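Colleague: Encoded as structure tokens, here's the structure I'll be asking about.
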Amino acid sequence: MLEKIIKIENIKQWQHKRALSQGFGKLNLIYGRNGSGKSTLSKIFNYINDSDPEAISALKPIESQGVPNLTLRIGGDTITLSSIETPYNFQVFNQEFIDSNLYIPNAKDKSQLTNYYEFSLGKVSVSKEQEIERLKAENVQINSQLTPLEARLTTKFPNKSVAKIRTIKAISNADDKIATLQAQIQDLKSVEHYKKRKTLSELVLSKPVLDSSVFTLNIESLSKEAQDKVEQHIATHLKERDVTWIETGTELVNESGNCPFCAQPLASSNIFNLYQDFINESYIKASDKFELESDQFELDVRDIGCKIESLEALVESNKKIIEDWSDRITGYDLNYDFKELDRLSTDLLRECVELIKDKKKDLLLQTDFTRFNQLFKQVFDAVDFTAYNDQVIAFNQKLADFLLKLATGSTQSLQAEIDKIEETKKRFEQQVVDDLATHKSLSDEKSSKSKKIRELKAEIDKEQEDSIKEHKDSINSLLKNFHSMIRIKELEKDNKGKNGSTRLKYVITFIDKELSVENSDDNKHIFEHVLSLGDRSALALAFFLSKFAKSNNDKSIIILDDPMSSLDNYRKDATIVEIEKLINNGYQTFVFSHDPFFLSEIQKYSILSQFTQCFEIEVTYKKSNPLNPDSSQFISSQIIEKNNYDSHVLHSYHKEYNKLYEFVSDARDECKTEIARSIRPILEAHLRFLYPREFNEGVWLGNMITMIRNETDPNSHFFDKHGQIAQIAKINEFSKDFHHADGFDTKIQSLDLQTVQSYAQETLVFVTGI
1 MLEKIIKIEN IKQWQHKRAL SQGFGKLNLI YGRNGSGKST LSKIFNYIND SDPEAISALK
61 PIESQGVPNL TLRIGGDTIT LSSIETPYNF QVFNQEFIDS NLYIPNAKDK SQLTNYYEFS
121 LGKVSVSKEQ EIERLKAENV QINSQLTPLE ARLTTKFPNK SVAKIRTIKA ISNADDKIAT
181 LQAQIQDLKS VEHYKKRKTL SELVLSKPVL DSSVFTLNIE SLSKEAQDKV EQHIATHLKE
241 RDVTWIETGT ELVNESGNCP FCAQPLASSN IFNLYQDFIN ESYIKASDKF ELESDQFELD
301 VRDIGCKIES LEALVESNKK IIEDWSDRIT GYDLNYDFKE LDRLSTDLLR ECVELIKDKK
361 KDLLLQTDFT RFNQLFKQVF DAVDFTAYND QVIAFNQKLA DFLLKLATGS TQSLQAEIDK
421 IEETKKRFEQ QVVDDLATHK SLSDEKSSKS KKIRELKAEI DKEQEDSIKE HKDSINSLLK
481 NFHSMIRIKE LEKDNKGKNG STRLKYVITF IDKELSVENS DDNKHIFEHV LSLGDRSALA
541 LAFFLSKFAK SNNDKSIIIL DDPMSSLDNY RKDATIVEIE KLINNGYQTF VFSHDPFFLS
601 EIQKYSILSQ FTQCFEIEVT YKKSNPLNPD SSQFISSQII EKNNYDSHVL HSYHKEYNKL
661 YEFVSDARDE CKTEIARSIR PILEAHLRFL YPREFNEGVW LGNMITMIRN ETDPNSHFFD
721 KHGQIAQIAK INEFSKDFHH ADGFDTKIQS LDLQTVQSYA QETLVFVTGI
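First residue of the sequence shown? That's 1 in UniProt numbering, and the numbers climb one at a time after it.
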């Protein structure tokens with residue numbers, strides 16, 4: 001039997017560091033909240049069955065730096081991770097058992113109940129099971145040899161399995177190939193450097209089109225504009241018009257300024273003044289227009305000089321590029337003399353300025369463009385960049401030819417080839433060759449043993465077919481006791497297993513309808529979609545318990561991990577009866593549960609009480625930073641002894657009463673503050689029990705005392721017939737000081753142990769009614 005858990009350290013939340021003084025008995029009840037470690041404990045027992053210490057070690061929590069440690073006392077032997085073999089078998093019922101025995105998704109060549117044979121019926125052939133255990137133990141030893149080999153190999157070859165390492169082929173002349181590839185990488189780095197360098201630019205000077213129409217203003221155009229305005233004036237203001245007469249008259253005006261027809265002065269003539277005004281206005285407008293347009297003409301001429309300056313800068317830039325490439329291309333010294341172009345462009349600009357200046361003095365002056373046109377023609381006739389540009393083209397071609405000769409590809413792909421060759425060199429180092437040979441030998445031996453294990457299991461499964469019938473009645477009886485509507489109706493053979501192998505076909509009756517538990521098209525989702533959670537749990541528990549209806553002859557230890565769920569409380573009494581049967585058949589039994597009421601009922605069950613040991617999984621929650629609500633929190637669990645589960649199942653009033661009683665019997669200084677603060681609540685609770693309708697949740701102790709004190713009617717149930725109100729008031733005056741804070745003062749420093757014990761005793765006597 002499992003006698004003691006000595007240590008469970010650094011395995012998930014478990015930090016059980018010492019053995020309890022109370023060992024395990026026939027029936028052991030272990031209470032723990034959800035998340036306290038019950039499921040981890042049942043996993044550990046399953047891994048012990050499999051002789052798999054690696055799986056237990058894999059449960060190490062991330063927050064712990066310690067090494068996983070497991071020490072159990074089983075049948076007088078000490079079981080540890082380094083020596084995990086035991087003749088005892090842990091038979092575990094938990095959620096994993098339910099899932100694996102009731103439904104296997106996407107497995108059309110198997111029944112959902114395939115695992116029933118292995119987990120529900122136990123060992124049929126003892127000799128074959130012992131052989132399996134021996135082979136498993138030998139495989140554990142082989143694993144202990146394979147692990148360091150695999151670690152050493154995978155360290156040398158990251159991200160590669162041993163099988164992949166084995167497939168690496170040898171490469172001849174590896175060092176020479178690496179040197180060649182490294183030289184190519186260096187060339188590629190040079191290519192990137194050279195490609196960033198610039199090429200030469202050709203010289204181009206485009207001949208602009210200059211608009212000289214701005215210089216074409218004359219008197220005819222001014223007079224025409226003035227005449228148009230005069231005619232418009234006459235048409236608007238005079239009734240009779242004789243345009244021809246007026247025109248003739250204005251032509252005959254002599255130096256005296258008199259009219260040629262009547263010899264009268266024209267100074268007072270409206271028509272003559274109109275002509276003068278309109279001609280003056282047109283002249284001013286023409287002057288303003290020329291001012292603007294001549295500026296643009298001058299800018300266009302200046303731009304020729306600017307373009308020549310840009311070409312001079314381009315020549316200098318080309319010289320710098322040639323200098324940069326001098327380490328690879330030589331024999332080029334490109335230059336161009338811009339002196340003549342500079343002189344001509346300067347003369348052209350000067351001539352342009354003079355023409356504009358003369359025109360501004362007299363807009364009616366006829367402009368002579370002869371010299372300007374000659375200079376303009378000389379500028380562009382003097383431009384000849386052919387020889388220079390030919391050298392530029394030749395130089396750029398040499399650049400292109402040079403770059404084409406450089407290496408192509410990417411440094412990443414070349415480095416990958418180098419890494420591959422380096423990996424090949426490591427693969428055929430003597431140490432690696434030896435490790436791979438040893439690994440293959442051990443792996444082949446392990447595979448042979450694993451194959452033998454599978455064969456033995458297949459033989460055991462076949463032998464179990466005949467034994468299932470003897471369990472059918474037991475299963476149905478359990479289902480009936482669980483108040484389940486499910487029954488096993490028949491068990492018969494078919495040949496629908498993989499490759500035509502024989503298997504068992506289960507047929508159940510469910511609400512007067514027969515449903516096959518095989519993966520047929522009609523019923524393959526029966527357990528997932530038809531049966532309730534309670535039905536599934538009941539069916540799984542019946543399967544599990546059916547094999548233990550006989551005496552314990554194979555050293556089995558029963559583990560029931562939360563056999564009761566919140567959905568099936570009607571199974572409680574039947575489950576307790578089945579636990580009694582397990583004890584009577586000689587099975588040491590452990591019951592894990594998050595329901596203290598269920599465990600309390602088991603303990604108080606008359607026949608089981610003499611065999612029962614009570615335990616609790618004590619949990620502490622550790623915060624890395626108490627002031628940060630989002631800081632990490634770690635759970636630490638250990639098993640402690642319990643006399644019973646009254647502290648979890650008794651009403652809070654009973655708990656407070658027992659606490660008060662124990663303090664009066666044995667007053668301790670560390671309890672005085674808690675007791676002082678509990679006196680007032682227990683008095684209130686007691687009075688609420690006496691007057692449940694009058695003293696509801698909105699009435700507190702002070703109000704209660706006032707109501708009783710003020711009652712004068714002797715026939716009222718509030719009337720203080722025994723004169724106890726003074727005693728209650730006295731206790732209240734003491735307790736209220738410690739029930740409320742005065743500012744920052746909670747009054748606890750002034751507490752005297754004997755005073756608290758005295759008031760606690762008065763309260764105890766009052767609520768007890770003695």
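Beta carbons are placed, not taken as given, at the ideal position from N, Cα and C, and that holds for glycine. As the structure is a computational prediction, the values presented were derived from the model and not from experiment.
1. Could you check the C-alpha separation between L334 and N396 for me, to the nearest Å?
2. Measuring alpha carbon to alpha carbon, tell me which residue in E580, L582, N552 and F615 is nearest P596.
3. Bridge partners of H16, per DSSP?
4. For K398, which residues in the same chain have their Cβ closer than 8 Å to its Cβ, ignoring the five residues on either side in sequence?
5. Please check the pair H471 and S546, which I expect to be a contact at CB under 8 Å, by giving their CB distance rounded to whole angstroms.
6. Is the beta carbon of A549 less than 8 Å from the beta carbon of I679?
7. In the DSSP assignment, find the unbroken beta strand (DSSP E) run with Q65 in it and report its ends.
8. Got a sec? Which residues, its chain only, sit under 8 Å from F372 by beta carbon, not counting five neighbours each side?
9. Whole angstroms is fine: what's the gap from I8's alpha carbon to L59's?
10. Assuming D176 is part of the alpha helix (DSSP H), what are its boundary residues?
11. Taking the C-alpha atoms as reference points, what is the distance between F611 and K730?
12. Using C-beta distances below 8 Å, list every residue in its chain close to I321, excluding the 5 sequence neighbours before and after it, in chain order.
13. Can you give the Cα-Cα distance for F689 and I705, rounded to whole angstroms?
14. Could you give the first and the last residue of the continuous beta strand (DSSP E) run that contains Y621?
15. Spatial neighbours of F297 within its chain, please: CB distance less than 8 Å, with the 5 preceding and 5 following residues excluded, ordered by chain position.
16. Can you look up Q95 in the DSSP assignment and give me helix, strand or coil?
17. Spell out the partners DSSP gives L2 in its beta bridges.
18. Kindly identify the DSSP beta-bridge partner or partners of L560.
19. Helix, strand or coil for N159, going by three-state DSSP, please let me know.
20. Roughly how many angstroms separate the alpha carbons of L442 and T154, rounded to a whole number?
21. Would you identify the three-state DSSP class for T367, choosing helix, strand or coil?
22. Return the Cβ separation of V92 and F45 in integer angstroms, given the expectation that the two are a contact with Cβ distance under 8 Å.
23. Alpha helix (DSSP H) containing Y653: first to last residue?
24. Which one of G702, F718 and C671 has the shortest CA to CA distance from R693?
25. How long is the line joining the alpha carbons of L404 and I62, rounded to whole angstroms?
26. So S537 is in the alpha helix (DSSP H); what residue range does that whole segment cover?
27. Going by DSSP in three states, T768 sits in which element: helix, strand or coil?
28. DSSP three-state call for I79: helix, strand or coil?
29. For S600, name the three-state secondary structure that DSSP assigns.
30. Once you ignore the five residues that flank D713 on each side, which residues in its own chain have a CB closer than 7 Å to its CB?
31. I'd like to confirm something about D554: is its beta-carbon nearer than 7 Å to some heavy atom of the ligand NAP, or not?
32. From V67, Q95 and E133, pick the residue whose C-alpha is nearest to that of Y88; which is it?
33. Measuring straight from C-alpha to C-alpha, what distance separates L299 and A183?
34. Which residue from E711, S144 and K189 puts its Cα closest to that of K446?
35. Quickly, what does DSSP pair F634 with across the bridge? List them, please.
36. I need the DSSP call for E641, collapsed to helix, strand or coil.
Modeller: Based on what the coordinates show:
1. If I take the Cα positions, the gap works out to 13 Å.
2. Looking at the Cα atoms, F615 is the closest of the given residues.
3. DSSP, once it has assigned bridges, lists I8 as partnering H16.
4. Cβ within range, chain order: I329.
5. With 8 Å as the limit, H471 and S546 qualify as a contact, their Cβ atoms being about 4 Å apart.
6. No.
7. In this chain, Q65 is not harboured by any beta strand (DSSP E), its DSSP state being neither H nor E.
8. By the criterion of a C-beta distance shorter than 8 Å, F372 is surrounded in its chain by L348, E351, C352 and L355, once the five residues flanking it on both sides are discounted.
9. Near 11 Å, if we compare the C-alpha coordinates of L59 and I8.
10. For D176, the uninterrupted alpha helix (DSSP H) segment begins and ends at A174 to K195.
11. Taking the straight line from one Cα to the other gives about 49 Å.
12. Closer than 8 Å at Cβ, skipping near neighbours: R197, K198, T199 and L200.
13. The alpha-carbon atoms of F689 and I705 are separated by roughly 15 Å.
14. From DSSP, the beta strand (DSSP E) with Y621 extends over T612 to K623.
15. L210, D211, S212, V214, C352 and I356.
16. Helix, per DSSP.
17. The secondary-structure analysis by DSSP pairs L2 across a beta bridge with I74.
18. In the DSSP output, where bridge partners are listed per residue, L560 has F93 and V591.
19. Coil, per DSSP.
20. Distance between the alpha carbons of L442 and T154: 17 Å.
21. Note: T367 maps to coil in three-state DSSP.
22. Confirmed, about 5 Å.
23. Looking at the DSSP string, the run of the alpha helix (DSSP H) that includes Y653 is S652 to S665.
24. Nearest option by C-alpha distance: F718.
25. When rounded, the distance between both Cα atoms is 57 Å.
26. Looking at the DSSP string, the run of the alpha helix (DSSP H) that includes S537 is L533 to S546.
27. Annotated three-state conformation of T768 is helix, per DSSP.
28. Strand.
29. Reduced to three states, the DSSP call for S600 is helix.
30. F719.
31. By its list of ligands, the structure shown contains no ligand whatsoever, and the ligand NAP lies outside what it can speak to.
32. Put simply, of V67, Q95 and E133 the residue whose alpha carbon is nearest the alpha carbon of Y88 is E133.
33. Their Cα atoms are separated by approximately 58 Å.
34. The shortest C-alpha separation from K446 is found at S144.
35. K622, per the DSSP bridge assignment.
36. Here E641 carries a strand assignment [DSSP, helix/strand/coil].
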